[in-house]
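S.K.:
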Amino acid sequence: MSLLDFLGLGGRAQAPRSEPASLREIGARLEGLPPEEARFAAAFAYLLARIAGADLRTEDSERLEMVRHLERFGELDADRAKLLGQTAVQAAWTYSASDDHLVARAFRDMSEPEERLRLLRCLYAVAAADQTISTREDNAIFEIATTLDMPREAVVGIRADFREYLGALKALPGER
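With the first letter of the sequence shown counted as 1, position 44 gets the number 44 in the working numbering; the numbers rise by one all the way through.
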């Protein structure tokens, strides 16, 4: 018996990936939706929450912006979008170290390029909700975009639409 067979890995090219814990937790809040729709909405919500908390705090304005996008693009009613947003913020805080990349990769695998562009625009809108996109938020969006295999030009184009909110480009308090 080979070592791979002994370990239960013989005959398989790659072990199946398990679902990120955050997607399971968020998806559980979406009763009544088909599983693939629930998984898509959970990943979308998690990534919005990831950006809202990238600067180590989640402002009320960012939470409201998340809910607005969950209602609009997730086609969820207001109460469900609010609950989903709250659950996503908690899950992003709890699982961020282990799930950030996994959830972005899962979203990439289940989405079309135009849905990824829509997500990036929503990420910037959430980051700008408090009137400033911090360097941490901006960097986190670029990390997600890289995982989504988005062309840099597309990200820079969307980012340009939010340039007035970029903290790195704002005047310092003494310069005003």
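For each residue, glycine too, the CB sits at the ideal point set by N, CA and C. Quantities reported herein were computed from a predicted structural model and do not represent experimental measurements.
#1: Quick check on serine 18: buried or exposed, where buried means 16 or more other Cβ atoms within 10 Å of its Cβ?
#2: Whole angstroms are fine: how far does the CA of valine 103 sit from the CA of alanine 28?
#3: Check whether the stretch 83 to 95 and the stretch 121 to 132 are in contact - that is, three or more C-beta pairs closer than 8 Å.
#4: Can you find at least 3 beta carbon pairs, one from the stretch 106 to 126 and one from the stretch 87 to 95, that sit closer than 8 Å?
#5: What residue range is occupied by the uninterrupted alpha helix (DSSP H) comprising arginine 57?
#6: For leucine 48, name the three-state secondary structure that DSSP assigns.
#7: Can you have a look at glutamate 137 and say buried or exposed, based on whether 16 or more other CB atoms are within 10 angstroms of its CB?
#8: With distances taken between CB atoms, is the gap from methionine 110 to glutamate 36 smaller than 9 Å?
#9: Is the distance from the Cβ of leucine 23 to the Cβ of aspartate 99 below 9 Å?
M.R.: Checking against the coordinates, here is how it stands:
#1: For the purposes of this step, residue 18 is taken as the residue at position 18 of the sequence shown. When all chains shown are included, serine 18 counts as exposed.
#2: Against the sequence shown, residue 28 aligns to sequence position 28. Against the sequence shown, residue 103 aligns to sequence position 103. One alpha carbon belongs to alanine 28, the other to valine 103, and they sit about 15 Å apart.
#3: Not touching, per the Cβ criterion.
#4: The stretch 106 to 126, when compared against the stretch 87 to 95, does not touch it at the 8 Å Cβ threshold.
#5: Taking the sequence shown and counting its residues from 1, the one referred to as residue 57 is at position 57. Segment: none, arginine 57 is in no alpha helix (DSSP H) and carries neither H nor E.
#6: Residue numbering aside, residue 48 sits at position 48 when the sequence shown is read from its first letter. Leucine 48: helix per DSSP, three-state reduction.
#7: Here the question's residue 137 lines up with position 137 in the sequence shown. Buried, since its Cβ has 16 or more Cβ neighbours within 10 Å.
#8: Reading the sequence shown from its first residue, position 110 is the one you call residue 110. Reading the sequence shown from its first residue, position 36 is the one you call residue 36. It is a contact, given that the beta carbons lie within the stated cut-off.
#9: Numbered from 1 along the sequence shown, position 23 holds the residue referred to as residue 23. Numbered from 1 along the sequence shown, position 99 holds the residue referred to as residue 99. Annotated as proximal: leucine 23 and aspartate 99, with beta-carbon spacing under 9 Å.
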